[in-house]
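Throughout, our numbering is defined as the position within the sequence shown, counted from one, plus 8.
Only one structure is covered here, and it is reproduced in the block below.
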Amino acid sequence: MSVQGATVPENRLEKTIRKKWLTILAHVGSALPLIYLIWGWFTGNLGVDPIATINNVTGRTAIFLLTLSLTATPINILFGWAKPITVRRALGLWAFAYAVLHLLNFVGLDYGFDLAFLLQDALLSKPYIVVGAVALVILLALAITSTRGWIKRLKKNWIRLHRLVYLAAALVVLHFLWQAKVPERTDPLIYAIVLTFLLVVRIPPVRRWIVLTRQAWSQGAARRGPKPT
Ligand code: HEM
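In structure tokens form, the structure reads like this:
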């Protein structure tokens, strides 16, 4: 910071905010739906069917954050901006946390932990629940192995394992689509399109072409120099 030519040293808070603003934004933004649910629960503001509201908010936040975590690498490929990669893990873990709350709401509040009833009423007659459960198991494996220790232990297999995030995301979209009535299928279809795009951008030849085109553009712009004012 500069005041009339003199440089004022940044204080610690300013430095942290400058360096970590995206991390702070990711955590604060991810926590907001949870704060809303806790506030709504204790003030009785979750509508006429609080269990349905919790199911809706946790499910939609989970799929949103999961998709957002998958945009980090494509943003780097498309725009050469690597910073979002630093919040990819945090967003993935938040998505997993919301998915766990989504399950707890279903098993605990909706079915009162009556597992026998749940098994015959939900699991056997509603296949979209099984699809959601498989996605959640994958997300659990990815959350457990997301630490540095596991990255070192699994080496190349870590990358292979974490590619399953795309399978999890596809299963979640299927779960979302399957449980929705026909007129409500727009949102899951939008997620399907966005996820397909994010996956296509990563395919090695497509990725190479995008990076080379971007580099050629920025070199061309640098050669042309600044625009005359
Ligand atoms: C064992 C795992 C899961 C169970 C038991 C489960 C259960 C449910 C149920 C009962 C519904 C509501 C269906 C209805 O209203 O008729 C639902 C909707 C939904 N679930 Fe799941 N789910 C699971 C996993 C997941 C996961 C892993 C995600 C996301 C990461 C997810 C995202 C959603 C979404 C986005 C909706 C639609 C919400 C809405 O628009 O109201 N679910 N799930």
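Ideal placement from N, C-alpha and C gives every residue a C-beta, glycine not left out.
- Here W89 is exposed: its Cβ has fewer than 16 other Cβ atoms, across all protein chains shown, within 10 Å.
- A229 and R222 have their C-alpha atoms spaced approximately 11 Å apart.
- Around the CB of S38, 16 or more other CB atoms lie within 10 Å, so the residue is classed as buried.
- Scanning its chain for C-beta atoms nearer than 6 Å, with the 5 sequence neighbours on each side dropped, one finds around F104 the residues L147, A151, in chain order.
- In this structure, the CA atom of T81 is about 36 Å from the CA atom of P58.
- Contact check between the region 126-137 and the region 158-174: fewer than three CB pairs, one atom from each, fall below 8 Å, which does not count as touching.
- Taking each of G233, N64, T79 in turn and checking the Cα distance to P41, the smallest one comes out for N64.
- Taking Y44 as the centre and dropping the five residues before and after it, the same chain places the C-beta of V65 closer than 8 Å to its C-beta, in chain order.
- Counting other Cβ atoms within 10 Å of its Cβ, I62 reaches 16 or more and is therefore classed as buried.
- Look at F121: its beta carbon is at least 8 Å from all of the heavy atoms in the ligand HEM.
- Placement of the Cβ of H183 at a distance of less than 8 Å from at least one heavy atom of the ligand HEM is found.
- Taking the CA atoms as reference points, L30 sits about 10 Å from V36.
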